[in-house]
Amino acid sequence: MSGAVLGRSAENPTGSVPGTTKDCVTDLELVERAQRGDSDAFGILVERHHRAALRAAVAALGAADDADDAVQEAWIAARDRLAGFRGEAAFRTWLLAIVWHKATDRRRGVGRWIRRLISVDAAGDTPGAGVPALAFTAGGPSPERAALDGERQRTIARLVRALPPKLRDPLVLVGSGDYSYDDVAAMLATPVGTVKWRVSEARRQLRVKLTRLGF
Amino acid sequence: MSETDQPRPDLDAAMDAVLPSLSAVGDERTAASLRRTRATLADGRGRLRSGWTASPWRWALPAAVALAVALIAVSGWWPKTPAGDGPRVVVTAPAATSAPLSPASSTVAPERVASAATGPGPSGRRHSVPVQATSAMPTTPESSRPDPLIALVRAVQRIPEDAWQRSAALAAEPAAVLDASLSPIEVAPLETPPIVDVSVDPLAPGEP
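See below:
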């Protein structure tokens, strides 16, 4: 595949492909075109699934910067392996599995461990660290109630991050609302039933801990 | 089902509200990431901007940093001694040791000084360090507190050689004892006068 993957130009800064109705073309058709050397088709796939890929990486890594690097690696790997894609699973599922593999590989990296160790204030870059409290609006909950809800949300975020990865990963992925159980099972290379049990167990543990904390 | 394991719809709702935020990515960041991905893919080489994760340096550099930290930590605990002979403390004689202490006992005092240095230190921790006596110049200044044994050694070293020899010769000779002839002391016999018989009037009955 050539370097001009996305066919961007000064007249088309967003990278949309002229003459292509992106919404009417299925992923499989785009993959087949990309496999035949159509670089624009791969660009459409990137545009379609980049957000889902980025969210999956953020769910795995927490830090958005690390997630961005992992997603780039995943797209490069997907482009390189596209010739081997047989359509046995959806392209999105296939891509998310690559993204998850890259993200977890990065999560296990020594460099990331050292950076987290050195970083004094890593929570500021962690999604969910600044979980917004409920707004104080007229007619809404009282300020005391809103403050309590905000504290509870922050506690939940902290407890979720403290869960073991086997429970946290499926919980965050399913809880994001972007991925089905089948998607998550494919990403984690785990049976769907196991994913469901882990999500249930994670929620149960969170309930127990929150109850003990007085919520 | 335990007390803390009861259904809590309010907590479930709170979790459902929080979980999407844990993987949320803003539109601006998504757009920036998409632009970066496009640029990376359009580059053709497929290399990341930093090139960090795609190279073996991803592991080599952190490993080198960890190794350096470990070496620094270990060196802080390792005793600082020259290689080969193991730990050794050299206790030297004082600066005036150019003259021999005495013909036969030149190393007696340094050995005693050395043996005094093998006890527990001020912190109470015992150092099992071998000690070697030597006549070399001391490498560290003497402490402000004088060592009485070293002062004794210096005093001995200040004795001139001929005086030392004379004293040694005198000490080796047996002590001569002069014969003292004493004349017997004549003691005159003590003569005491005889006791005179004096008649005393007897006390009358009732007198004190």
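Protein sequences appear in the order of chains A and B. With this note's numbering, letter number 163 in the first sequence gets 693, and the count goes up by one each step, no holes. With this note's numbering, letter number 202 in the second sequence gets 200, and the count goes up by one each step, no holes. Backbone N, C-alpha and C define an ideal beta-carbon position, used for all residues, glycine too. For clarity, every value in this text was computed on a predicted model and none was experimentally measured.
- Message: List, in chain order, every chain B residue whose beta-carbon is nearer than 9 Å to that of A/Val690.
- Response: Met13, Val16, Leu17, Leu20
- Task: Just mark B/Glu159 as buried or exposed, buried being the case when its beta carbon has 16 or more other beta carbons within 10 Å.
- Result: exposed
- Query: Where does B/Thr28 fall in DSSP's three states?
  - Reply: helix
- Item | CB contact below 8 Å: B/Thr28 versus chain A | yes
- List the residues of chain B whose Cβ lies closer than 7 Å to the Cβ of A/Gly707, in chain order. Result: Pro18.
- Item | Beta-bridge partners of A/Thr741, as assigned by DSSP | Answer is none; A/Thr741 lacks a bridge partner.
- Query: CA-CA distance, A/Leu591 and A/Glu562?
  - Reply: 32 Å
- Task: Can you grab the Cα-Cα spacing for the pair A/Ala594 / B/Val23, in whole Å?
- Result: 8 Å
- Query: For A/Trp605, which of B/Arg36, B/Arg152, B/Leu9, B/Ala174 has the nearest alpha-carbon?
  - Reply: B/Arg36
- Message: If you reduce the DSSP assignment to three classes, tell me which class A/Leu575 lands in.
- Response: Here A/Leu575 sits in helix by DSSP.
- Where does A/Thr685 sit, in a helix, a strand or coil, going by DSSP? helix
- Message: At the 8 Å Cβ level, is B/Leu69 part of the contact set with chain A, yes or no?
- Response: no
- Task: Measure from the C-beta of B/Leu65 to each C-beta in chain A and report whether the shortest distance is under 8 Å.
- Result: no
- Query: Is any beta-carbon of chain A found at less than 8 Å from that of B/Val72?
  - Reply: no
- Item | Burial state of A/Ile686 (16 or more Cβ within 10 Å) | Residue environment for A/Ile686: buried (at least 16 other C-beta atoms within 10 angstroms of its C-beta).
- Is there at least one Cβ from chain A nearer than 8 Å to B/Arg36's Cβ? B/Arg36 belongs to the set of residues whose beta carbon lies under 8 Å from a beta carbon in chain A.
- Message: Give me the residue from A/Arg737, A/Gly744, A/Arg742, A/Leu743 with the minimum Cα distance to B/Leu9.
- Response: A/Arg737
- CA-CA distance, A/Val729 and A/Asp610? So the two alpha carbons sit approximately 33 Å from each other.
- Within its chain, find whatever has a CB closer than 7 Å to the CB of A/Leu560; leave out the 5 residues flanking it on each side and keep chain order. Ala571, Ile574, Leu575
- Query: So which residues on chain B does A/Ile686 lean against when the C-beta distance must stay under 7 Å?
  - Reply: Ala12, Met13, Val16
- Query: Between which two residues does the alpha helix (DSSP H) containing A/Val771 stretch?
  - Reply: Residue 771 of chain A is absent from the structure shown; chain A starts at 531 and stops at 745.
- Classification of A/Arg734 by the beta-carbon crowding that lies within 10 angstroms, buried from 16 upward: With fewer than 16 other beta carbons inside 10 angstroms of its own, A/Arg734 counts as exposed.
- Message: Quick check on DSSP: helix, strand or coil for B/Ile183?
- Response: coil
- Over the uninterrupted alpha helix (DSSP H) stretch that includes A/Val561, give me the two end residues. 557 to 565
- Message: Helix, strand or coil, according to DSSP, for B/Arg164 in the structure here?
- Response: B/Arg164 falls in the helix class under three-state DSSP.
- Does B/Arg6 come within less than 8 Å of chain A when only Cβ atoms are used? yes
- Going by Cα to Cα distance, which pick from A/Leu703, A/Leu584, A/Leu625 is closest to B/Pro18? A/Leu703
- Query: What is the rounded straight-line gap between the Cα of A/Gly639 and the Cα of B/Pro60?
  - Reply: 9 Å
- Query: Of all Cβ atoms in chain B, is any one closer than 8 Å to the Cβ of A/Glu577?
  - Reply: Chain B, which has a Cβ nearer than 8 Å to the Cβ of A/Glu577, makes this yes.
- Message: 8 Å is my cut-off, CB to CB: does B/Val23 come that close to chain A?
- Response: yes
- Enclosing alpha helix (DSSP H) for A/Glu618 [first to last residue]: Premise fails: A/Glu618 is in no alpha helix (DSSP H) and is neither H nor E.
- Query: Would a check of beta-carbon distances place A/Asp712 closer than 8 Å to chain B?
  - Reply: For A/Asp712, the closest Cβ of chain B is not nearer than 8 Å.
- Task: Given a cut-off of 8 Å, decide if A/Asp596 and A/Arg636 are closer than it, judged by their beta-carbon atoms.
- Result: yes
- Message: Is the beta carbon of A/Leu718 closer than 8 Å to that of A/Trp624?
- Response: Not a contact, by the Cβ cut-off of 8 Å.
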